[in-house]
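Since the structure comes first, as structure tokens, the remarks are kept for the end.
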Amino acid sequence: METAECLNHMAPYLFAQIDKKRDALIAQGADVISLGIGDPDMPTPEHIVEEMARAIRRPANHRYPDYNGSPAYRRACASYMKTRFGVELNPETEVLALIGSKEGIAHLHTAFVNPGDYVLAPSIGYPVYSGGATLQSAHTYFMPMKEEQGFLADFSNIPDDVLKRAKIMFIGYPNNPTGACATEEYFDRAIEFCLEHDILLAHDNAYCDICFDGYRAPSILERPRAFECCIEFFSLSKSYNMTGWRIAFACGNPKAIEALGTVKNNLDSGQFTAIQEAAIAALTGPQDCVREMCEIYQRRRDLVVNTLRSIGVSCTAPQATIYVWARVPEGETSESFATKLLEKTHVIVTPGNGYGPDGEGYIRISLTIDDNRLTEALERLKTLIPS
Ligand SMILES: *Cc1c(COP(=O)(O)O)cnc(C)c1O
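Heads up: the sequence shown runs through residues 3 to 389, numbered per my numbering.
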């Protein structure tokens, strides 16, 4: 049996070595604490779970869902976009339900990329942007992402032969893993660039609701001419602690929405309508749960940032997301420092090079762990201070 050629080109699993060390430590009975997981630790808010409990008992929901999402769910998405960002959407042509935004991002390649084409992806980013291209037998061009430029992916020096075959540019702010936030001016430049080169601009906005210090993350669709070239991905995963539910939506340019819908209509049959009904409760219900979660993450962020600085690890306090992105000390690599932390303190962090070439020299710490365990992990990190 021979598998498809593209599978041979999928990036190897970069965290395998650390996982092996972790498993060995756990087998020896060590108390390992993971700060490596990007999955909210808090439960889905009660009013959303309650709506699901009601929705699951409605026999109409037991049948095949609407392919593009129920009209009520798409209206709720549009209403969220209007309330949250002032963005007006036609729920019929400019909104598409997704089975998690990972699914939508991966399938966007099927809708727009031919074998041999290019996808432009940030050099530190969510692996699906380039993985989706590989599965399509297409190439990825990594746009440099440097701390000096605020981790804004740089599209100013892309070679002409790449640009000619570039079909999608992926960006995502507030950013996983760097925690960086984009300026309006950056969005405007990206839109202008993609319009000039006839590229679909895909903005991954999974963390727009997890903001600190009064910061308010924008939608790229607020910007002028965005509807001419942009598709934006929103997810209920992080905003409402719903990673396991698999519910998200794409919105923006109607041609892009239609193309993605065509791919999906041929591959899946939509998300369970009961889950869409619970998601309506999330998007249109009280938002205090989101504010409370942000306060918790903000407190954890401060704990992590202060401790890292006290042991000589440099980092900026992110204004959004559930991660702290920190530079490794002089003389260490991402991998060597993550390994040292694991071996000496039994604390797991994610080595930055796992997110792409420019991630080397950094580690990512997740804030998705309860305060007691986080405090314990930080106490252990402090013991690393050279005396
Ligand atoms: C968590 C995350 C998502 C959301 O994925 P879902 O499939 O909706 O759970 C999307 N993009 C990034 C960068 C993420 O970190």
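Glycine residues also receive a C-beta, built at the ideal position from the N, C-alpha and C atoms.
Predicted model only: the values in this text are computed from it and were never measured.
Within 8 angstroms, strictly: CB atoms of residue i and residue j
i: tyrosine 143; j: leucine 122; result: yes
i: proline 353; j: glutamate 337; result: yes
i: proline 117; j: alanine 140; result: yes
i: proline 42; j: isoleucine 367; result: no
i: isoleucine 193; j: arginine 218; result: no
i: arginine 301; j: alanine 319; result: no
i: alanine 250; j: serine 103; result: yes
i: alanine 379; j: isoleucine 35; result: yes
i: glutamine 273; j: proline 67; result: yes
i: glycine 254; j: isoleucine 233; result: yes
i: leucine 202; j: leucine 98; result: no
i: alanine 168; j: histidine 199; result: yes
i: valine 349; j: arginine 382; result: yes
i: glycine 181; j: valine 326; result: yes
i: cysteine 183; j: glutamine 321; result: yes
i: alanine 55; j: leucine 285; result: no
i: valine 315; j: threonine 112; result: no
i: arginine 60; j: leucine 344; result: no
i: valine 130; j: isoleucine 107; result: yes
i: serine 241; j: valine 292; result: yes
i: alanine 283; j: isoleucine 50; result: yes
i: threonine 341; j: isoleucine 28; result: no
i: phenylalanine 157; j: phenylalanine 195; result: yes
Opposing strand residues paired with residue i [DSSP bridges]
i: glycine 254; result: Ile233
i: valine 121; result: Thr142 and Ile170
i: alanine 328; result: Cys317 and Ile365
i: histidine 64; result: Paired residues: none, contrary to the question.
i: alanine 322; result: Cys213
i: valine 349; result: Ile35
Endpoints, the beta strand (DSSP E) within which residue i is located
i: phenylalanine 87; result: It is not in any beta strand (DSSP E) - phenylalanine 87 instead sits in the alpha helix (DSSP H) that spans 73-87.
i: alanine 99; result: 97-100
i: glutamine 13; result: It is alanine, not glutamine, that sits at residue 13 in the sequence shown. Looking at the DSSP string, alanine 13 is not in any beta strand (DSSP E), and its letter there is neither H nor E.
i: leucine 203; result: 202-206
Residue i: first and last residue of the uninterrupted alpha helix (DSSP H) it sits in
i: phenylalanine 172; result: Element bounds for phenylalanine 172: not the alpha helix (DSSP H) but the beta strand (DSSP E), 168-173.
i: histidine 111; result: 103-114
i: histidine 199; result: 186-199
i: tyrosine 299; result: 290-312
i: leucine 91; result: Taken as a continuous stretch (DSSP letters only), leucine 91 belongs to no alpha helix (DSSP H), as it is neither H nor E.
i: glutamate 378; result: 373-384
i: threonine 286; result: 275-286
i: alanine 18; result: 18-29
i: methionine 54; result: 48-57
i: lysine 240; result: 238-241
i: tyrosine 131; result: 130-137
Beta-carbon contacts of residue i that lie in its chain and below 6 angstroms, excluding the five residues immediately before and after
i: tryptophan 247; result: Ile277
i: serine 132; result: Ala123 and Thr142
i: serine 237; result: Ser103, Ala208 and Ala250
i: glycine 361; result: Ile126, Gly354 and Asn355
i: methionine 244; result: Thr46 and Leu238
i: cysteine 213; result: Ala219 and Ala322
i: leucine 91; result: Ala80, Met83, Val97 and Cys253
i: isoleucine 170; result: Phe114, Val121, Leu202 and Ala204
Same chain, Cβ closer than 7 angstroms to residue i, five either side skipped, listed in chain order
i: leucine 386; result: Ile313, Lys346 and Thr347
i: alanine 258; result: Leu202 and Ile233
i: tyrosine 364; result: Trp327, Ala328, Arg329, Val330, Ser336 and Gly354
i: methionine 12; result: Gly133 and Thr136
i: leucine 165; result: His199
Chain-order list of residues whose beta-carbon lies under 8 angstroms from that of residue i (same chain, five-residue window excluded)
i: cysteine 2; result: Here the chain comprises residues numbered 3 to 389, so residue 2 is not present and cannot be evaluated.
i: asparagine 63; result: Ala57, Phe274, Thr275, Ala276 and Glu279
i: threonine 377; result: Leu305
i: threonine 95; result: Pro256, Ile259 and Glu260
i: proline 93; result: Pro73, Arg76, Arg77, Cys79 and Ala80
i: leucine 197; result: Arg227, Glu230 and Cys231
Interface flag, residue i vs chain D, CB-CB below 8 angstroms
i: valine 306; result: Checking the listed chains, one finds no chain D in this structure; it contains a single protein chain.
Indicate whether the contact test is met: 3 or more Cβ pairs, each with one atom in the stretch 172-182 and one in the stretch 149-160, closer than 8 angstroms.
Result yes; three or more Cβ-Cβ pairs closer than 8 angstroms.
Just checking, does the stretch 263-273 make contact with the stretch 67-76 on the three C-beta pairs under 8 angstroms criterion?
The stretch 263-273 is in contact with the stretch 67-76.
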